[in-house]
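These protein sequence lines map, in sequence, to chains B and E.
Note that the first sequence covers residues 162 to 537 in this note's numbering.
Note that the second sequence covers residues 1229 to 1308 in this note's numbering.
The beta carbon of each residue, even a glycine, is placed where N, CA and C say it ideally should be.
First comes the structure, then the notes that go with it.
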Amino acid sequence: MEGILNLWNATGIANFTIPSLIMIAVGCLLLFLAIAKGFEPLLLLPIGFGAILTNVPVAGLSDPGGLLYYVYYVGIDTGIFPLLIFMGVGALTDFSALIANPRMLLLGAAAQFGIFATLFGAILLNYVPGFEFTLQDASAIAIIGGADGPTAIFLASKLAPDLLGAIAVAAYSYMALVPIIQPPIMRALTTPEERKIKMPELRKVSKKEKIIFPLMVLSLTAMFLPAAIPLVGMFCLGNLMRESGVVDRLSNSAQNEIINVTTIFLGLAVGSKLAADKFLTVETIGILVLGALAFAIGTASGVFMAKGLNRISKTPINPLIGAAGVSAVPMAARVVNKVGLESNPHNFLLMHAMGPNVAGVLGSAVAAGILLALVG
Amino acid sequence: MDIGALLTTAGSLMLTGMVGVFVFLSLLIGAVTLMSNLVTRYSEPEASPVKSPSFKSQGVPNEHIAAISAAIAQYKSNNK
């Protein structure tokens, strides 16, 4: 009889708690969003599954000795996974649009206002009872506005590991929601005439320029912002492998196998942080609200900057492309293209929007470096 | 009180952060523009040899080109 009782006590059913059941439901919701709705499936599927695994009672996958515990420790605690992903993103990024029109970097810079305004907002939220965000917490939450998953995870793992699960889920969910969040803001801030503006075709960029570009970004970062070197360095390595044209095998691995393998484990490790005691808090609600705010402000400030540039520039600039400054490559650029086509069916803005889009990646990496240097 | 002090820090962080991002990316704009100018200036002498292989790619052997130009020269001198 005692044996049967022991066996019963070792079953999941006997050990389920309400919070862990809720978290398993959250995991299932993420799986549903990934599979049925196609929201960032590459990340939300492993994250959702990781959330389910980590909340299975008795198994203790996230306790010391468990699989997810080690995956998290090896990949995220050390910062390695987001950096490997960043190398792959670098190998996937074509900077021609930005090299052809370097002023687009200003749009990528302006959109980072979403990050810093949200930082302020997160501290402001401390006036609401139940919220106690430190400056580190606020910085990690604010980086959601950079709309860049690996950067957000990297910074959160350094500044606020306890909030990492919620921050990563918010970052990736909002990135999937870019086509819903951005267009209303873009339409509200521009006139139909502005949306119709056609931009001159971009010049062709030589291979030499493309090879020198990552080296130049690296040396500028090394000189002025070494705190951003982990992110920028891996990014530039990936980009140099792509553009040099002599290591196609390595570049292909970085773009495909390495980024894919890393994505699986990064997702699982992030999911392992979706434990009930860490996720089912008021702070999570705050993070979700602040994240949406960060996206909206970033989009708006990018559009405003583009409007300003259009005023002073000799060549016309369509203000819509400012919205692509929030990174979220290439989704934000596609959204710009789509909104542009609504106003003028012959105006293709995709290539023009890629400039601010990749500038946004650099901008958020630089912002992350500044936050690490000042708050970390 | 405590939150007020945090807010001041957050405000100054916002200011320094945005200034930092803008300064860094503006430096990058300058560097990219300079680099592009230098590259195009130094590449110009290379631009002409780049064009000659395009002749080869059309699959016309050099002897044919020589023969054709000889014929043209002959035709021109005959028709003077």
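Could you check whether S318 (chain B) and L532 (chain B) sit closer than 7 Å to each other, using their CB atoms as the reference points? Against a cut-off of 7 Å, the Cβ pair of S318 (chain B) and L532 (chain B) comes out as no contact.
Taking the CB atoms as reference points, tell me whether L194 (chain B) and L205 (chain B) lie closer together than 7 Å. yes
For the alpha helix (DSSP H) containing T204 (chain B), name the first residue and the last one. Correcting the residue type first, residue 204 (chain B) is Leu in the shown sequence and not Thr. Start and end: 202-215.
Check A321 (chain B) in the structure and name its three-state DSSP category. coil
Exposure of K1284 (chain E), with buried meaning 16 or more beta-carbon neighbours within 10 Å: Any reading at K1284 (chain E) needs caution, since the residue's pLDDT is 49, under 50, leaving its predicted position unreliable; the model's value is listed next. If you draw a 10 Å sphere on the C-beta of K1284 (chain E), you find fewer than 16 other C-beta atoms in it, and that means exposed.
K369 (chain B): contacting residues in chain E (beta-carbon distance under 7 Å): V1267, S1271
Residues of chain B with a CB under 7 Å from the CB of S1264 (chain E): which are they? I260, E370
Indicate the three-state DSSP secondary structure (helix, strand or coil) for L441 (chain B) in the structure shown. coil
Starting from S412 (chain B), follow the alpha helix (DSSP H) in both directions and report where the run begins and ends. 409-414
Between A489 (chain B) and A337 (chain B), what straight-line distance do the alpha-carbon atoms span, to the nearest angstrom? 9 Å
Using a Cβ-Cβ cutoff of 9 Å, what residues of the region 266-279 of chain B are near chain E? List them in chain order. L266, L267, G269, A270, A271, Q273, F274, I276, F277, A278
How many Å lie between L192 (chain B) and S334 (chain B) at the Cα? 12 Å
Where do the ends of the alpha helix (DSSP H) carrying F223 (chain B) lie? Before going on, a small fix: residue 223 (chain B) reads as Ser here, not Phe. Per DSSP, S223 (chain B) belongs to no alpha helix (DSSP H) and is neither H nor E.
I want to verify the contact list: residues of chain E whose CB lies under 7 Å from the CB of L401 (chain B), in sequence order. Chain E residues near L401 (chain B): none, gap ~15 Å exceeds 7 Å.
Below 8 Å CB to CB, which residues in the same chain sit around V464 (chain B) once its five sequence neighbours on both sides are set aside? I346, M347, L350, T351, P480, L481, G483, A484
Between the alpha carbons of P340 (chain B) and V496 (chain B), how many angstroms are there, rounded? 6 Å
Verify the CB distance criterion: does G521 (chain B) have a CB-CB separation below 7 Å to chain E? no
Start-to-end residues for the alpha helix (DSSP H) that takes in V289 (chain B): No alpha helix (DSSP H) contains V289 (chain B), which DSSP labels as neither H nor E.
According to the Cβ coordinates, are A493 (chain B) and G306 (chain B) closer than 7 Å? Their beta carbons are not under 7 Å apart, which means A493 (chain B) does not touch G306 (chain B) by this criterion.
When we look at the beta-carbon of Q1302 (chain E) and count the other beta-carbons within 10 Å, is it buried (16 or more) or exposed? exposed
Check this for me: beta carbons of G399 (chain B) and G251 (chain B), under 7 Å apart or not? yes
What residues in its chain sit with their C-beta under 6 Å from that of V219 (chain B), if we drop five residues either side in the sequence? Within the same chain, and ignoring the five residues on either side of V219 (chain B) in sequence, the residues whose Cβ sits closer than 6 Å to its Cβ are N176.
Local conformation of M162 (chain B) per DSSP, three classes: coil
What does a CB cutoff of less than 7 Å around A1299 (chain E) pick up in its chain, not counting 5 residues either side in sequence? none
Thinking C-beta only, is F440 (chain B) closer than 7 Å to F256 (chain B)? no
For P202 (chain B), which residues from the same chain have a beta carbon less than 6 Å from its beta carbon, with the 5 sequence-adjacent residues on both sides left out? A195
Got a sec: is the Cβ-Cβ distance from G227 (chain B) to anything in chain E below 7 Å? no
How would you write the range of the alpha helix (DSSP H) that V536 (chain B) sits in, first residue to last? 511-536
Test: F456 (chain B) CB closer than 7 Å to a CB of chain E: no
Would M395 (chain B) and L244 (chain B) be called neighbours here (beta carbons separated by less than 7 Å)? yes
Which residue comes first and which comes last in the alpha helix (DSSP H) that contains M360 (chain B)? Looking at the DSSP string, M360 (chain B) is not in any alpha helix (DSSP H), and its letter there is neither H nor E.
Taking 7 Å as the cut-off, decide whether the C-beta atoms of I208 (chain B) and G432 (chain B) are in contact. Contact flag set, yes.
Could you check what DSSP says for D255 (chain B) in three-state terms: helix, strand or coil? coil
Find the residues of chain B that neighbour I1257 (chain E), judging by a C-beta separation of less than 8 Å, and give them in chain order. P263, R264, L266, L267
Would you mind giving the Cβ-Cβ distance between I448 (chain B) and A331 (chain B), rounded to the nearest angstrom? I have them listed as a contact below 8 Å. 5 Å
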